[in-house]
Structures are given as C-alpha cells and as structure tokens.
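J.: For reference, the structure I am asking about is given below.
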C-alpha cells in the first residue's frame, strides 16, 4: 500500500483520518492491550461517514432522531472512542482515551452502551452488532410510520468485519433485513481478509457480496481507503430502496510493519513499530497530541448536528400535546396510566371465571388487554405465533407494505429474533417482546445475555416450559433452562401458576425499565390457584403464601408454574393426615431475593421441613431449600434429574414422579 500516494492525493482527508489511527496506536500502547488493526484500516470510512453523512449532536447524544452508528466489530473500539472524543462528546475527554481499558474508565475494551453516551449498543461477541442494527432499522421504520417523517427520519450505520459475518446470527439478521427492505440500514464490511488465526481463507471462502445480494441487499465493492469512492458509495446506498452493504477493501493495521497480517489484528505496542508507522503517516506530533486544525475539523463535524437537532425540535413542537406526551412517555419507558387498572380488571375477571387455562393462553389473553393501551409494544415469534400465542387481535403484521404493523414474523431465527429485539429496545420508543419454545433459549442465549448486560427490558415469551409439553420429547422439553436463566444476572425469570399470576408477570415486565424478563409458560392447561381477587400484585414479591396450614405447620411446599397446583393437592393429602402444610408460590426468585429479610423470613420461617416442586432440575432452588444463612435445613426436591421423554404429559409426570402423592411422601420422609 503506497501511503505516500494516499497522503499526496487527499492531504486534508489524510490528516483528519490519521487522528483516529494515531489515537488508537497511543491508547493501545498505553493500555498494553487492545486491537489496533481495525481502527487503522477503517479510519478513512469513519472520516467520510462522520464528516459528510452521519447526523448526530455530541451535546445531545440521546436525541431521538439522531443517526445510529453501530460498531459490530467491537474489538475495534478505539475507532469509536476516537470519533466521540474528536467530535466533542463531553463524556470522552482526552483523559478517557488515555485510560483506555482501565478500571473505572468509560472507554472499556469493548464498547458498553450502559456507561458511555454515543455507544448505541454493547458489542464484543461478533455478529451481535449487525443483528442489533436490524432492530434499530425496524424501529426507525415503525416510528416513522407512527409519527411521520418530520419527526423520525434517520439512518442506521454499521461497521462489520469478517468475524461478524462468519457468525451464524449475521445470516439470520441480514436475511430478515433483506426481506423487510430496510432501506435506511447501511453496512460497511471491513473486507481486510485477516482474522486472529491468519488469513480468512484458512476458514472461509464465502463470497460475501453474493451472499448479501442473495438476501435482497444492495451491494457495492470499493477501495476502503479512497474517500471519493467511499462518499459515492454512501450516496448510492442512500438512493436505493434496499438495505445496503458496502464492501470496503482495506488493509488491517495500515502503514505499519504488521499491515495485512494476523499480528495487525491485535495490540501493536512496540515503540519502534509505532514510531515508524507515525513517520509513514507524516505525523510529527507526540502521544495523544492532535493538532488544533485537525481537532477543529472534527469538532465542526459534531457542530453540524446541532443545527439539525434544533430544526427537529421546532418540528416536534408542532405535534399535538397528546402526540408529544406519547412520544416522550414511550422513550422514557413509562407505562400508560391505564395499564394498572386494565390488569386489575383482567385479574378480577379471571378469578370470577376460574377457568383452567394454559399459561401461554393466559399470556395471549393478557396481551389482548395490554396491547391496545400500550401501543409501543412490538410483538413477534420465531415461526411459532400460534403456539406462543404472542399476537393479539389488534396487531397488524409489520412488513415492507405495512410499516404501521406491530407484529413481526421473525422466521425460524431464535438468535436473530433476540438480537433484533435488543436493537428495537436500544433504539428507544418501543417495547419488544418475542416468543419461541423454552428449550430454544439455548439458540437465543448469546443475545439474551446481552439484554441483561445492557439493561434492556426485552420480554422473552418462552412457552412449552417443561416436560408438560408431552409428545415432542426431550429435544423440546427444557429441564436445565430455568436454572440457567435464573443464574444470569439482571434478569427476571417468571414462571406463573395461572392466569392471574401471568397477568401480574406481564405487568411487572412492562413496568420494568432496566432488565429483561423471561416468561416461562405452560403448554398444558393449569387449574386456577388464585381463587380470591387481590388488587395488589402479589407476584411483585417474588414468592408469597398461597395456602396457609390448617393444622400445626410442619412443612412448607414451594413451587412455580404448573407444579403449584401439584403442591396444593399435596397439601390437601397431608392436611387430611393431620400434617400442617403451607404452600408458597414462587413466580420469580429474583424478586423474592430482592425483598427485605423480614419478609423472606415470614414467608419461609425456619423450622418446618421444606420441599420444592418443579419439573426442572433442582439447582436454582437450593438457596430457598437450604436457607440463606447456611444452617442445616431439612429439605427435599421433587423434579427432574435428567432429560424427559416422548409421551403424553400426564404419563410423564407420573413416570418421573412429579405428583401430589410423591410430594406428600417426600414431606413425610423428612418429618
């Protein structure tokens, strides 16, 4: 690569882009860790994008109609941090660049959206960013249809690398984007041909341009170091009615002795290499030193967005007060005032009707009340709409011909669905939920973990939650999944026992702004266990006394979901024998753990034997079974020790010993 020719042909552009490259070299050297190569290779693309096309306001980083920039190749974080610093984001002074990857710094090794304004999504696991971007673009289309082009009209820009495109979730995402014709989504593919292990060709021979074309995208291939070619490609992408992929042929670690090698992917910290590279750039300034004229050029890029933001504010003020309030409420993640009363009325009706209903159906019934009043909800399913019961009657299907639709057919793409929902949530103004079978949380796991890490209130509707799904057998019968999800920090896992608890779980999930919720719902009908109407949301306490002992209390039965009715029946057996039993429903362990100690002790006092009942593995129950202080507590568990089998649900519960009689025997064996 002839660096001198590049410098000579586009001298002003070269100096502007060199600021990204040299800040990257200095920050990685100071940290003695990081990834230098990608920012050095894609600096030209970033310079053209932010200099001529992206609309953003560094002084108002959360402005609703800003363009969104997503660095899917999260290891190249110094490119993003450099741009944020150079364009004038207050949270990224030079000191933050100098503290790259250090304790307490906002410039983490991989970008984290929770801690730094200007970072739209947490990227690091490759493929997640490009999949999130499809959600951002869907959200933009939906909100533009709802509020009009004067209020919502922006682009989603993405930088993705070979690694992002090798990850399977990328295909799930780009196929959905192509089908949906998301024309405001533009992806720059950093086509440098290098991975950590060496050349891409040692592991992959995919023609990425043809792959995107086959998925319905507009595709271009350019020299990623030619600013004129980059600019022209962006203009062409903006003019097309399809999502666009621009393959940018670049040189990783441009200008260094590590250029075009696997070494160039990682941390370039050798002092001589850095000095030689800066000399090749014609950069005669000290570490972390940006000359005033270059910094001024970047700051003018940031200032350009202030005018666009001010003009948007004027247009927003022209909306009716009702529309403005609705917009601001949705972006603030506040529920409508009517939601609580609607849920209370729904619960009262459920108690009065006292029907045996599968909780997946209870969920559908609750959504029929929720969605008409909470119009920012966006539903969907991974090709299981009729099984997950996620589409309420008021919802139209979102598609290229109906941007006002609020229901998305994600196709058989569980991981893609979860990642896209993260993008919808991160965009703001909408509250996504999506369904699949509980066993397929395995497929969605990568994105579900990031929902928790990013504090995004995505709702996962996971039906067919146990061996109770029956004949489909162990491939579809989750046994370890509840414990796996409960082990995930910052996640609410709800397993409601009947229609009332299901409605309460929905109310909590939609009133929560800082974490995802999982609703584990049954395929089989469940008898109502809440037989007296309470206006209070009892599930908010995580666990509560459902039935008190009639005789002297000698045992406490704990259960969730479909096993609560089994615990209630076991209590009847034991009470008939003179053994006093309290039944505690545990719809959400995380919420129970958050209650004060006095309440937890009232619900689970020391003394009586404890037995937990759940058609899953024991692991997540031990804290409640054995007590929080490590004291010996007579306790037992009735549930699964291995995988399920293919048979009718009634047979499975009997054969695996999850019955009222088995629970009663377990209690008696402990007394």
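Numbering (the numbering used here), first residue to last: 2 to 672.
All residues carry an ideal CB built from backbone N, CA and C; glycine is no exception.
(1) If the criterion is Cβ atoms closer than 9 Å, does the pair residue 245 and residue 220 meet it?
(2) Tell me the rounded alpha-carbon separation between residue 364 and residue 153.
(3) Could you pull out every unbroken alpha helix (DSSP H) segment of at least 4 residues lying fully inside the stretch 317-386, listed in chain order?
(4) Let's test the definition: count the other Cβ atoms within 10 Å of the Cβ of residue 335 and tell me whether it reaches 16, buried, or not, exposed.
(5) Does DSSP put residue 224 in a helix, in a strand, or in coil?
(6) Let's see if you can read the secondary structure: which residues bound the beta strand (DSSP E) around residue 249?
(7) Buried or exposed: where does residue 195 fall if 16 or more other Cβ atoms within 10 Å of its Cβ makes it buried?
(8) Which residue or residues does DSSP assign as beta-bridge partners of residue 191?
(9) Answer yes or no: do residue 559 and residue 530 have a C-beta to C-beta separation smaller than 9 Å?
(10) Is it right to say residue 534 is buried, meaning 16 or more other beta carbons lie within 10 angstroms of its own, or is it exposed?
(11) Would you report the Cα separation of residue 504 and residue 68, rounded to the nearest angstrom?
(12) Is it right to say residue 66 is buried, meaning 16 or more other beta carbons lie within 10 angstroms of its own, or is it exposed?
(13) I'd like the span of the alpha helix (DSSP H) that includes residue 39, first residue to last.
(14) Please determine, among 354, 371 and 324, the residue with the shortest C-alpha to C-alpha distance to residue 342.
(15) Residue 301 to residue 497, Cα distance in whole Å?
(16) Considering only DSSP beta bridges, list what residue 575 is partnered with.
(17) Could you give the residue range of the beta strand (DSSP E) that holds residue 434?
(18) Pick out whichever of 621, 542 and 232 has its Cα sitting closest to the Cα of residue 592.
(19) Could you tell me which of 115, 29 and 567 sits nearest to residue 78, measuring between CA atoms?
(20) Taking residue 191 as the reference, which of 439, 399, 11 and 250 has the closest Cα?
(21) How many Å lie between residue 553 and residue 122 at the Cα?
(22) At what residues does the alpha helix (DSSP H) containing residue 90 begin and finish?
(23) Express the C-alpha separation of residue 31 and residue 330 in angstroms, rounding to a whole number.
(24) To which residues of the same chain is residue 137 closer than 6 Å at the C-beta, ignoring the five residues directly before and after it?
(25) Residue 177: which of 84, 110, 485 and 400 sits nearest, CA to CA?
(26) Whole-angstrom Cβ separation of residue 481 and residue 444, contact assumed at under 8 Å?
(27) For residue 209 and residue 172, what's the separation of their Cα atoms in angstroms?
(28) Rounded C-beta distance between residue 170 and residue 420? I'm assuming under 8 Å.
(29) If you draw a straight line from the alpha carbon of residue 385 to that of residue 392, how long is it in whole angstroms?
(30) Quick test of the definition: if touching needs 3 or more C-beta pairs under 8 Å, does the stretch 466-485 touch the stretch 591-609?
(31) For residue 116, does the count of other Cβ atoms within 10 angstroms reach 16, so buried, or fall short, so exposed?
(32) DSSP three-state label for residue 593, please.
(33) Restricting to Cα atoms, I'd like to know which of 568, 600, 567 and 550 is closest to residue 580.
(34) If you count every other CB in all the chains shown that lies within 10 Å of the CB of residue 672, and 16 or more means buried, which is it?
(35) How far does the beta strand (DSSP E) with residue 615 in it reach, from first residue to last?
(36) So, does the stretch 86-101 touch the stretch 140-149, judging by three or more C-beta pairs under 8 Å?
T.: Walking through what the data contain:
(1) Result yes, Cβ atoms of residue 245 and residue 220 sit closer than 9 Å.
(2) The C-alpha of residue 153 is placed about 32 Å away from the C-alpha of residue 364.
(3) Listed in chain order, the alpha helix (DSSP H) runs fully inside the stretch 317-386 are 322-332, 339-354 and 360-374, counting runs of at least 4 residues.
(4) So residue 335 counts as exposed.
(5) Assignment of residue 224 by DSSP, reduced to helix, strand and coil, places it in the strand class.
(6) Its beta strand (DSSP E) spans residues 245-250.
(7) A residue is called buried once 16 or more other Cβ atoms fall within 10 Å of its Cβ, and residue 195 is buried on that count.
(8) 162 and 249, per the DSSP bridge assignment.
(9) No, the Cβ-Cβ distance between residue 559 and residue 530 is not below 9 Å.
(10) Classification for residue 534: exposed.
(11) Their backbone Cα atoms lie some 37 Å apart in a straight line.
(12) Around the C-beta of residue 66, 16 or more other C-beta atoms lie within 10 Å, and the residue is accordingly described as buried.
(13) For residue 39, the uninterrupted alpha helix (DSSP H) run begins and ends at 38-49, by DSSP.
(14) Nearest C-alpha to residue 342: 371.
(15) Those two C-alpha atoms are separated by around 54 Å.
(16) DSSP lists no partner for residue 575.
(17) Element bounds for residue 434: 432-438.
(18) Residue 542 is the option with its Cα nearest to residue 592.
(19) The shortest Cα separation from residue 78 among 115, 29 and 567 belongs to 29.
(20) Of the candidates 439, 399, 11 and 250, the one whose C-alpha sits nearest the C-alpha of residue 191 is 250.
(21) Spanning the alpha carbons of residue 553 and residue 122 requires a straight line of approximately 55 Å.
(22) For residue 90, there is no enclosing alpha helix (DSSP H), as DSSP gives it neither H nor E.
(23) The straight-line gap from Cα to Cα measures roughly 43 Å.
(24) Here the set comprises 69, 157, 424 and 428.
(25) The residue with the shortest Cα to Cα distance from residue 177 is 400.
(26) Wrong, their Cβ atoms sit about 14 Å apart, outside the cutoff.
(27) Spanning the two alpha carbons is a distance of roughly 11 Å.
(28) Correct: roughly 6 Å between the Cβ atoms.
(29) Cα-Cα distance, rounded: 10 Å.
(30) Counting Cβ pairs under 8 Å, fewer than three are found: no touch.
(31) By the neighbour-count rule (16 or more Cβ atoms within 10 Å), residue 116 is not buried but exposed.
(32) Here residue 593 carries a helix assignment [DSSP, helix/strand/coil].
(33) Minimum Cα distance to residue 580 is reached at 550.
(34) Label assigned to residue 672: exposed.
(35) From DSSP, the beta strand (DSSP E) with residue 615 extends over 610-615.
(36) The way I'd put it, the stretch 86-101 doesn't touch the stretch 140-149; fewer than three beta-carbon pairs between them come closer than 8 Å.
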